[in-house]
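Protein chains in written order, with my numbering: chain A, -7 to 246; chain B, 7 to 288; chain C, 72 to 424; chain D, 22 to 455.
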Amino acid sequence: MTQQKPKIAFFDFASCEGCQLTVIDSLQTNLELLNAVEIVNFREAMSEKGQDYQIAFIEGSCSRKSDEARLQAIREQADIVVALGACAHLGGVNAVRNRQPLEDVRTYVYGNKADWYETYPARPISQVITVDATIPGCPIDRDEFIASVKMLLQGRIPKLPETPLCVECKLLENQCVYTMGKVCLGPIVRAGCKAICPSFGDGCEGCRGLVSEPNMESLKQVMAEHGMADQDISHKLDLFLTYQMMNLENEEPK
Amino acid sequence: MTLLKDKIVSSSLYVPVQATIRDIRALTPLEKVFSLTLPDGMLLNHEPGQFVELSVFGVGEAPISITSSPSRSNGFFELCVRNAGDMTGVLHQMKPGDVVGVRGPFGRPFPMNRFLGKDLIFAIGGLGLAPARSVINQVLDERGKYGKVIILYGARTPGDLLFTDELEEWDRRSDVELHLTVDRPAEGWDGNVGVITTLFSHVQVYARNTVAITLGPPVMYRFVLMELLGKGVPEGNIWFSFERRMKCGVGKCGHCQIHHLYTCKDGPTFSFAEIKHLEGAL
Amino acid sequence: MGFRVMPKSAFPGWVEQMLQTYRVVGPRKIRDRYMFDEVNSPGDLDLTYSTTVLPPKKVLLPQHEELLSFDLESGKMEAAIDTQPTVLLGVHTCDLHAIRLLDAVFEDGYADQHYIARRQNVLLVSLECLSPCTEKSFCKSMGTLSVTEGYDLHLTDLGDSYAIDIGSERGQALLELTENAQPATDADYSRLNQTLSDKWPRFPYRLESDITELANLLAVSYDSDLWEELGEKCLGCGSCTIVCPTCYCFNVIDEVDFSLNAGSRIRQWDGCTLSQFAVVAGGHNFRSTNQERQRHRFFRKGKYQMEAYGLVGCVGCGRCAEACLVDINPVDTFNELSRRRIPMTRRHKEVLP
Amino acid sequence: MTGTTLTPDIAIDVHHITRVEGHGNIVVDVEKGELKRCELQIVEAPRFFEAMLRGRPYGQASHLTSRICGICAVGHATTSLRATETALGVELSEQTILLRKLNFYGEILDSHILHVYMLVAPDFLGVGSVIPLATSAPDVVLRALRMKKLSGDICAVIAGRHTHPIAMTVGGFTHFPTMEKLEQLRERLEAVRADVDETVALFQTLQIPDFERETEHIALHKPDEYAFIDGVIKSTDSGEWPLDRYLEVTNEYMVPHSTAKRARNQREAYAVGAMARVNVNYDLLHPKAKEAAVALGLKPVCHNPYMISVAQVVEIVHAIEDSIVLTDALLKRGVEWEEPAPPARLSGEGVGSCEVPRGILFHHYKIEDGLIVGANGVIPTTQNLQNAEEDMRALVPTILDRSQEEITLALEMLVRAYDPCISCSTHLLDVRFE
Ligand SMILES: Cc1cc2nc3c(=O)[nH]c(=O)nc-3n(C[C@H](O)[C@H](O)[C@H](O)COP(=O)(O)OP(=O)(O)OC[C@H]3O[C@@H](n4cnc5c(N)ncnc54)[C@H](O)[C@@H]3O)c2cc1C
Ligand code: SF4
Ligand code: SF4
Ligand code: SF4
């Protein structure tokens, strides 16, 4: 299966660029990546800005009307568009503000200069263009990124893992953080990060998104039994999952 | 003369042998027939109804029925594969000369000697023709040993019909009764339109002496079964081949379990009598 | 074969001896939990452990296990068979029963060479349980509170010494690594008997029916309303099946290097309580709801495994009950089914309409 | 083309400066040799972090704010924690302080190595990125990756990962490294000294452009250590301010061509970052770092912004050496699992400040009954932007004899030298305490 090196490009929208940084970090143990693909556009790390690419990795949420055209242009050029990280996949933390009235958010931050800066409710890029594959996480997991690139090279489309985080956590024999008086979204969140938060003593915050059949009601009940008030539960769910939660609740951004 | 099965039993159940693709034939945009040869003259030695675990190295493995019949094994065997996901997707991009992995043959074959002298009615839907073809050609190669042969075959559209050359061949034979149907007709289709069960009104069977072999998507089975039971075909004479998710093919991985049975080793062929008390099997 | 007695003070020395030739795996305390883990010195071991997060099956069937490696360039293909000599030390009796079931599964029909190679190179040193390890264990109800076979050596804590039953010649040889195991005296026999009879009442029966009835109970409970209730509560998190010593379902995936031509095939644990476990190409899911998956799980534990291998599918270790956040557990499930037992006549409707 | 023609009209428009974090443009208009327009535009989408913090439990603040920036994630998290801890009267244990410092060095190293090797070095080596260097100078790239891996692993061992650390929480940690892990780090830190020496040697060979503009430099200061976490605000001009008077220093304002705010103190602009730290705290550098500074010709007070990268190299030396000191201290005293120190109260107001890789960072929270009701943050790049623009303004007239490409490169290198972290700088955390 020898083929031409595919040309790949990285783009970013509203994000912290931590996922692209993780891509750079993945080279520490996978320098062969540079032989397997040709990176033609990666503003964070290189000056060349090639416009001829087959695979586009996009980090960040779409949070401005004017970003849509840039997204569409990428979609037109790329054969495969990959959403990179929670912001692109889920709206990420950017969507936290979608629960608040937009005008209020803008004036809270910019005061009377609010209209200098364009914005609208943050959204996953899949709300703007068709996305072929997603590498979830905040930030993405290096190994998953590398595995996904290999799949793309093989002509496959990586799929989001359906297994809940609990499985990964148990396989590592972590102590369940619920037994430490904390709460965790592990039962309803996609595995693949090596359960890194519970492994480091903190409950999962859901950065990899909900599994496709989450039992929300039952988990809310569990959290309530662990001493969380309704408001605490919403804060927990509304860090990375705000966009998905609002969808589940059929709630429009304000 | 080594058998593939001896090889895996002696080393590892999970290590495939490297088979070479000698020929690829596209039947439809989604289905291709891959003709494979084993290395060093190794023999597959399968029986109708069995499957192999086919792998594309680095991608994955999946159970695939052997579509060629044992009576026609000339140093190669055939698999008819639908592009349905990861492994099959990459397989569809491969070329003759490429190497794939094969383990098997696995599964309980159809009990052909219990079918001897019986009238055979095949009720086949879609990709079910792949395993059915192995039985049918075996029967046709030993035609004298069986009674009537009736083949009912349904596909979604005329373009989805598989092995159309062989269908024509069977249709031409006077000792085979072939009825086709499609869910959605296309230009030029003058055959039956409707689900497979609509074909039953076209055929006459001597129920007590009939063996029915039903192969197709899970949804089809209940309806075909009602027809067959309605015609009085004995429960023990109604045979299916089941599809379940499988990862090992040898009764370990648990995916294909139906109650206490493993589809991969206790099946995939089952008679209705064997599974009728198992809730959820059908 | 009788038993020997070893003063506890000699135990670390014996373990040191083992470490010369074997990988030794035993219960270790890591923060607030116990894990079976490789032991580097006798001090790492904690034989007073309650229960471990994962059962010792992980030594025989690792969570993530290479089955084979391949290199298409050279045409090389190799089975990864692990034959490292290992002592699995301190296995509770319920887990020993579970290993017997695993043996049956992996030896049945086509024998799984990977499991068997490990199994043949593992010496099992089991440990008599003297008090319930957790509130959720129910080994006594499942008949797994004692063992008479299946071990190479079996330890019973006699206070200042261990009684060591010898179950095999390999076990005998392992014991001979130390000179401090003496033949038992009459006093030792009575001490052992006393210890065993004292322990029995400490364990409660938690199941309201006898295990021999479980299969029948389940047979009439397929349509019980309880499954729907469990299905509503179940998070589908899969923890119960992952931590179970008698679960062995697995998935197989390929890993490749950047050449795309070389890599390995990996077996990793899977579980029937996970939503995608029974999905086939085309998207049909043979058990599409938590309700069906929970039913399948409990049927496997109480009925199917018995029918397929003649061994009980649940050994009462209680790990799944510990792991479940919504408190779904075998004891309550089986007891509730028993209370709601559906009369045979009502159940005897046709499978098909 | 070499710069022989004197171009009276120059229009430079660098859309999305590369090899920086975030989206920025450089726009320069020269008409008839006269500089008409010189802007560093920040066009990153605004992200509204302080609005998102409103009403959140204080425990989430460090996890949310670490998402401001993937490169300074530890810095934001640490600063956020310090703000919360000050507000709620949390007293940290010695162990927590040691672990936090070591973790912090992981990020300083990671960011500086990324910047000097992958973002800045290509300019000096005449390539567009680090990628061609992988073939032309593999030893340099491998060294950078090796050093970067160690930096990341320091954070991974202590807090789970560098980008968005996990185990850091208000009052302490939720996970602790084992002695084995610390010993491994200790060994690797020692081994990496050779790479550090090579790094210094490499920078000795680079031709740093000669350009100076007198600048006010501001950094955190502590009497007894080269400050990264806590301290007082100190200026090279004159003056010291306690943290809670940071607003008197930063004086933020907005300009329409940029979604990021700007700051000024005693002049039209001031600078923060590695150079400011070296200028303010030179005497407190580890002796080996001072040696490196001498070797690299960096003397306080230095006013050449292109020397910022050199200051970063000096800090790499310092961070490695001090990490060894910290690791030794941890190994000596041992690491115990300890519960995070509890808050003394659930309402209060506090400022936290750290010297993150790009300079002084402030988080300021007001908390009521455990919920954040007001938040403000001032980010290093915000503070540097105006200064970078002033530098551009000073630089352009001196290089008008060069070709357009050369001018563009000089400007890009100048902006890059500041290592701007543009996504951070767009948070415009506004002071709005009701
Ligand atoms: C006994 C038997 C005989 C068969 N014979 C044939 C035959 O002759 N010809 C033929 O074409 N097919 C046959 N099949 C079906 C064939 O095995 C499947 O099409 C094949 O497994 C697809 O493999 P794949 O790797 O291409 O697809 P996969 O990538 O495995 O995907 C297949 C489907 O499985 C599901 N899936 C897989 N992995 C996951 C996951 N991780 N998470 C969620 N969903 C997942 C998806 O729904 C997907 O559509 C047979 C099956 C059995 C059991
Ligand atoms: S544990 Fe949860 S929050 Fe943490 S990285 Fe994994 S999915 Fe994200
Ligand atoms: S089902 Fe539960 S109690 Fe039974 S063996 Fe498995 S984990 Fe233990
Ligand atoms: S552990 Fe409990 S919640 Fe999770 S799958 Fe099992 S029964 Fe359901």
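Where is the CB? At the ideal position from N, CA and C, for every residue including glycine.
Everything numeric in this text was worked out from a predicted model, so none of it was measured.
Which residues in the same chain have their Cβ closer than 6 Å to the Cβ of residue i, if we skip the five residues on either side of it in sequence?
| i | result |
| --- | --- |
| K243 of chain D | G252 |
| F177 of chain C | D183, Y186 |
| E244 of chain A | none |
| T195 of chain D | A188 |
| S310 of chain C | A394 |
Show which residues of chain B have a CB atom less than 7 Å away from the CB atom of residue i.
| i | result |
| --- | --- |
| C343 of chain C | G260 |
| E378 of chain C | H266 |
| M106 of chain C | Neighbours of M106 of chain C on chain B: none; closest Cβ ~25 Å, over 7 Å. |
Regarding residue i and ligand 2, is the C-beta to nearest heavy atom distance less than 7 Å?
| i | result |
| --- | --- |
| L113 of chain C | In the sequence under discussion, the amino acid at residue 113 of chain C is Pro, which differs from the Leu named in the question. Checking every heavy atom of ligand 2 against the Cβ of P113 of chain C, none is found closer than 7 Å. |
| G198 of chain A | yes |
Measuring only from the beta carbon, is residue i closer than 7 Å to any heavy atom that is part of ligand 1?
| i | result |
| --- | --- |
| I16 of chain A | no |
| I70 of chain B | yes |
| R250 of chain B | yes |
With the cut-off set at 8 Å, would you say residue i and residue j are in Cβ contact?
| i | j | result |
| --- | --- | --- |
| N143 of chain B | S79 of chain B | no |
| S132 of chain D | C176 of chain D | no |
| C385 of chain C | K374 of chain C | no |
| V21 of chain B | A150 of chain C | yes |
| L152 of chain A | I47 of chain A | no |
| G387 of chain C | C204 of chain C | no |
| T157 of chain C | V110 of chain C | no |
| T220 of chain D | I337 of chain D | yes |
| Q339 of chain C | F321 of chain C | yes |
| R207 of chain D | T117 of chain D | no |
| P363 of chain D | G294 of chain D | no |
| I281 of chain B | A218 of chain B | no |
| I89 of chain D | L123 of chain D | no |
| L158 of chain B | H185 of chain B | yes |
For a contact defined as C-beta to C-beta under 8 Å, what are the partners of residue i on chain B?
| i | result |
| --- | --- |
| V314 of chain C | Result: empty, since nearest Cβ-Cβ is about 16 Å, beyond 8 Å. |
| A150 of chain C | S17, S18, Y20, V21 |
By Cβ distance below 7 Å, which residues in the same chain neighbour residue i in space, the five residues on each side in sequence not counted?
| i | result |
| --- | --- |
| G255 of chain B | E59, P69, R109, G110, F112, C270 |
| I420 of chain D | I428, A431 |
| R453 of chain D | The pLDDT assigned to R453 of chain D is 35, lower than 50, so where the model puts this residue is not dependable; a value taken from the coordinates is nonetheless given after this. Counting only Cβ-Cβ distances below 7 Å, and skipping sequence neighbours, we find G395. |
| A155 of chain D | V162 |
What in chain D is Cβ-close to residue i, meaning under 8 Å?
| i | result |
| --- | --- |
| Y45 of chain A | None at all; the shortest Cβ gap to chain D is about 14 Å. |
Can you pull the chain B residues whose beta carbon is under 9 Å from the beta carbon of residue i, in chain order?
| i | result |
| --- | --- |
| G103 of chain A | Per Cβ cutoff of 9 Å: no residues; G103 of chain A is ~53 Å from chain B at best. |
What in chain A is Cβ-close to residue i, meaning under 7 Å?
| i | result |
| --- | --- |
| P364 of chain D | Simply none; closest approach about 16 Å. |
Strictly below 9 Å CB to CB, what residues from chain A border residue i?
| i | result |
| --- | --- |
| V96 of chain B | M(-7), Q146, G147, R148 |
With respect to 7 Å, is the separation between the Cβ of residue i and the closest non-hydrogen atom of ligand 4 below this value?
| i | result |
| --- | --- |
| A98 of chain D | no |
| T360 of chain C | no |
Please list, in chain order, all residues of the same chain as residue i whose beta carbon is under 8 Å from its beta carbon, the five residues on each side excluded.
| i | result |
| --- | --- |
| E110 of chain A | R56, K57, S58 |
| D30 of chain D | V51, E52, K53 |
| G181 of chain D | I187, A188, H196 |
Closer than 8 Å by beta-carbon distance: list the chain F residues that pair up with residue i, in chain order.
| i | result |
| --- | --- |
| R262 of chain C | Among the protein chains of the structure shown, namely A, B, C and D, there is no chain F. |
Identify the contact partners of residue i in chain C, using a Cβ-Cβ distance below 8 Å as the criterion.
| i | result |
| --- | --- |
| A295 of chain A | Chain A is shown from -7 up to 246; residue 295 of chain A falls before or after that span and cannot be answered. |
**Message:** Closer than 9 Å between beta carbons: that is the criterion. Which residues of the region 167 to 185 of chain A meet it against chain B?
**Reply:** none
**Prompt:** If contact means a Cβ-Cβ distance below 7 Å, which residues of the region 52 to 77 of chain B contact chain A?
**Reply:** Near chain A, meaning a CB-to-CB distance below 7 Å, the residues of the region 52 to 77 of chain B are G64, V65.
**Item:** Contact residues within the region 56 to 81 of chain A, judged by C-beta distance below 9 Å to chain C
**Value:** none
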